[in-house]
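The listed protein sequences correspond, in order, to chains A and B. So for the first sequence, this note's numbering puts the first residue at 1; every next one is plus one. So for the second sequence, this note's numbering puts the first residue at 1001; every next one is plus one. For every residue, glycine included, the Cβ atom is placed at its ideal position computed from N, Cα and C. Single-structure report; data block below.
Number of protein chains: 2
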Amino acid sequence: MNRQELINLIHERRSFLCVGLDVDKNKMPEHLANVPDGVFQFNKAIIDATIGYTVAYKPNLAFYEAMGIEGLVQLKKTMDYLHGLDKKVFTIADAKRGDIGNTSQQYAKAFLDPQGDFNFDSLTVAPYMGADSVQPFTVYEGKWVILLALTSNKGAFDFQFLPTGGDQKLFEKVLETSKQWGGPENMMYVVGATKADMLTQVRAIVPDSFLLVPGVGAQGGSLEEVCKYGLTKDCGLLVNSSRGIIYASKGLDFAERAAEEARKLQQQMAAVL
Amino acid sequence: MNRQELINLIHERRSFLCVGLDVDKNKMPEHLANVPDGVFQFNKAIIDATIGYTVAYKPNLAFYEAMGIEGLVQLKKTMDYLHGLDKKVFTIADAKRGDIGNTSQQYAKAFLDPQGDFNFDSLTVAPYMGADSVQPFTVYEGKWVILLALTSNKGAFDFQFLPTGGDQKLFEKVLETSKQWGGPENMMYVVGATKADMLTQVRAIVPDSFLLVPGVGAQGGSLEEVCKYGLTKDCGLLVNSSRGIIYASKGLDFAERAAEEARKLQQQMAAVL
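See below:
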């Protein structure tokens, strides 16, 4: 999905919500936790209930890998289901990959290749290894790399705010340097909602790029703050909520409750757009 | 495998060689590239031919993920085979993972859990997200986190050498800070052989820790230089070679040629130990 198609989708659905499909057998409804294809059934029910309110789904690979190879089978079924829907949606492999050039090429193939098992629209990538670790993800037409800039966790303060010689902190240096590798048509950035006041500094460097903003809800970030500092004329935001939506209930009503939570966020977003 | 067991293994085998199992269907022998279980058969032949000369195997996850779910089935077969051998060996999942705390826990489970599909001894982890992204990998008894410090690629110069306010560059700050998260018993560091002259600075901060050193061979690093600056009284090094060994020949003699290349490195290592 290219930039214009994403912008159109946001306006059509009056939403810039991303639902994080971080399936954990200890947190999902018990009646699905231990049945064959239970993870896929859970995802399918969440997708069916929320797709009217969301423009993107973001499975975090860690949760699937923790279930072993079977977890990845469940992820493939989920992606096949999303690809088969009439309603369009943007897909994000939250995988935080990155390796030397010839190896990042392999990760790009694994997640973005249209002939591959998953065929995601985008992939999150860690910046520590620099140019050749990121560039292989920018070559697929209509696909995106989403680079970690400022993450939503406590550990973000260990390195991301370090001074780097000039007047830029490390996360700003990452943003600045990455502009040599891609642009607003194929590169987004992760900026945590828990650090919404930093969005002004982010926007000073990447005024037009889309930002993937995790941390609203369970992690304590505020949607209002994120919009205040991050919104652009093209929207420029994908705001993610995972646990707050998919684990709104552990009972038989989990999908219905997920829809309610997604709808609440969508309505706040519609008011802003 | 704990630290003392690893040191014993190094002295027993008179080697600190790690063989990188980065299987690429375009580079492996044609007679195995497109047969069922060909990737596992290739790995098995490489392992059987080289295990007398090596103490560790390091599959890079990217190459398996690029083959889709079937690639991970081949990786599981490879790990099952290694676990079933009489000869002990240290295993490294070169996966360069890292995410917020609750998510890194899931990655730790995926790769290090003895009940999981893979049960590796160790996992490479990217430092950008800080403490809570790394600590979940340190809790498994006898297992290791291998943190990226100074990588072997060109892109390493984009961020890893940035000044950070004091007199430490970013990679030195990563080494220094990480000492709060683990010690020489459960944490190693990736330091590229292509930057062997930096090993003095690395050893000033982590004098006793094991270093995983990629980049000897195909990437141009020198074993002699690495030993000169990196060796400790406990050895303290695992030196990786991937392409130089596993793709020494594309013919029917690939395993024999791999053994020759591994043996050459082992003999240089024996001379140093």
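With 16 other Cβ atoms within 10 Å as the buried cut-off, status of residue i
{"i": "residue 1132/B", "result": "buried"}
{"i": "residue 192/A", "result": "buried"}
{"i": "residue 158/A", "result": "buried"}
{"i": "residue 1149/B", "result": "buried"}
{"i": "residue 208/A", "result": "exposed"}
{"i": "residue 226/A", "result": "buried"}
{"i": "residue 1170/B", "result": "buried"}
{"i": "residue 1240/B", "result": "buried"}
{"i": "residue 1216/B", "result": "buried"}
{"i": "residue 273/A", "result": "exposed"}
{"i": "residue 1200/B", "result": "exposed"}
{"i": "residue 1256/B", "result": "exposed"}
{"i": "residue 109/A", "result": "buried"}
{"i": "residue 26/A", "result": "exposed"}
{"i": "residue 71/A", "result": "buried"}
{"i": "residue 233/A", "result": "exposed"}
{"i": "residue 1130/B", "result": "buried"}
{"i": "residue 180/A", "result": "exposed"}
{"i": "residue 1005/B", "result": "exposed"}
{"i": "residue 1034/B", "result": "exposed"}
{"i": "residue 1095/B", "result": "buried"}
{"i": "residue 1085/B", "result": "exposed"}
Pick from the options that is closest to residue i, judged by C-alpha positions
{"i": "residue 1224/B", "options": "1194/B, 1251/B, 1202/B", "result": "1194/B"}
{"i": "residue 21/A", "options": "60/A, 128/A, 12/A, 88/A", "result": "60/A"}
{"i": "residue 1114/B", "options": "1177/B, 1014/B, 1141/B, 1019/B", "result": "1141/B"}
{"i": "residue 1146/B", "options": "1161/B, 1237/B, 1039/B", "result": "1237/B"}
{"i": "residue 1248/B", "options": "1092/B, 1011/B, 1258/B", "result": "1258/B"}
{"i": "residue 1263/B", "options": "1252/B, 1246/B, 1160/B", "result": "1246/B"}
{"i": "residue 1251/B", "options": "1201/B, 1031/B, 1116/B, 1038/B", "result": "1031/B"}
{"i": "residue 222/A", "options": "38/A, 255/A, 268/A, 190/A", "result": "268/A"}
{"i": "residue 44/A", "options": "78/A, 162/A, 62/A", "result": "78/A"}
{"i": "residue 120/A", "options": "211/A, 86/A, 49/A, 81/A", "result": "81/A"}
{"i": "residue 1265/B", "options": "1002/B, 1015/B, 1005/B", "result": "1015/B"}
{"i": "residue 1196/B", "options": "1213/B, 1182/B, 1204/B", "result": "1213/B"}
{"i": "residue 156/A", "options": "1220/B, 1134/B, 1088/B, 1228/B", "result": "1134/B"}
{"i": "residue 38/A", "options": "24/A, 126/A, 51/A", "result": "24/A"}
{"i": "residue 99/A", "options": "122/A, 127/A, 87/A", "result": "127/A"}
{"i": "residue 1185/B", "options": "1138/B, 1166/B, 1243/B, 1229/B", "result": "1138/B"}
{"i": "residue 90/A", "options": "103/A, 68/A, 219/A, 118/A", "result": "118/A"}
{"i": "residue 29/A", "options": "41/A, 18/A, 19/A", "result": "41/A"}
{"i": "residue 1144/B", "options": "1202/B, 1046/B, 1092/B, 1203/B", "result": "1092/B"}
Proximity test, Cβ basis, 7 Å: residue i and chain A
{"i": "residue 1245/B", "result": "no"}
{"i": "residue 1128/B", "result": "yes"}
{"i": "residue 1065/B", "result": "yes"}
{"i": "residue 1062/B", "result": "yes"}
{"i": "residue 1242/B", "result": "no"}
{"i": "residue 1068/B", "result": "yes"}
{"i": "residue 1007/B", "result": "no"}
{"i": "residue 1182/B", "result": "no"}
{"i": "residue 1033/B", "result": "no"}
{"i": "residue 1106/B", "result": "yes"}
{"i": "residue 1179/B", "result": "no"}
{"i": "residue 1255/B", "result": "no"}
{"i": "residue 1116/B", "result": "yes"}
{"i": "residue 1149/B", "result": "no"}
Cross-strand partners of residue i (DSSP beta bridge)
{"i": "residue 1056/B", "result": "1018/B, 1090/B"}
{"i": "residue 1163/B", "result": "1169/B"}
{"i": "residue 1146/B", "result": "1124/B, 1188/B"}
{"i": "residue 239/A", "result": "17/A, 213/A"}
Within-7 Å CB hit, residue i to chain B
{"i": "residue 228/A", "result": "no"}
{"i": "residue 274/A", "result": "Within the shown structure, residues of chain A are numbered from 1 to 273, placing residue 274/A beyond reach of any answer."}
{"i": "residue 156/A", "result": "yes"}
{"i": "residue 146/A", "result": "no"}
{"i": "residue 153/A", "result": "yes"}
{"i": "residue 250/A", "result": "no"}
{"i": "residue 279/A", "result": "Here chain A comprises residues numbered 1 to 273, so residue 279/A is not present and cannot be evaluated."}
{"i": "residue 100/A", "result": "yes"}
{"i": "residue 163/A", "result": "yes"}
{"i": "residue 72/A", "result": "yes"}
{"i": "residue 233/A", "result": "no"}
{"i": "residue 194/A", "result": "no"}
{"i": "residue 56/A", "result": "no"}
{"i": "residue 159/A", "result": "yes"}
{"i": "residue 25/A", "result": "no"}
{"i": "residue 138/A", "result": "no"}
Q) What residue ranges within the stretch 187-231 of chain A form continuous alpha helix (DSSP H) runs of no fewer than 4 residues, ordered along the chain? A) 199-205, 223-230
Q.
Going residue by residue through the stretch 1094-1119 of chain B, where are the continuous alpha helix (DSSP H) segments of at least 4 residues, counting only ones entirely within it?
A. 1101-1112
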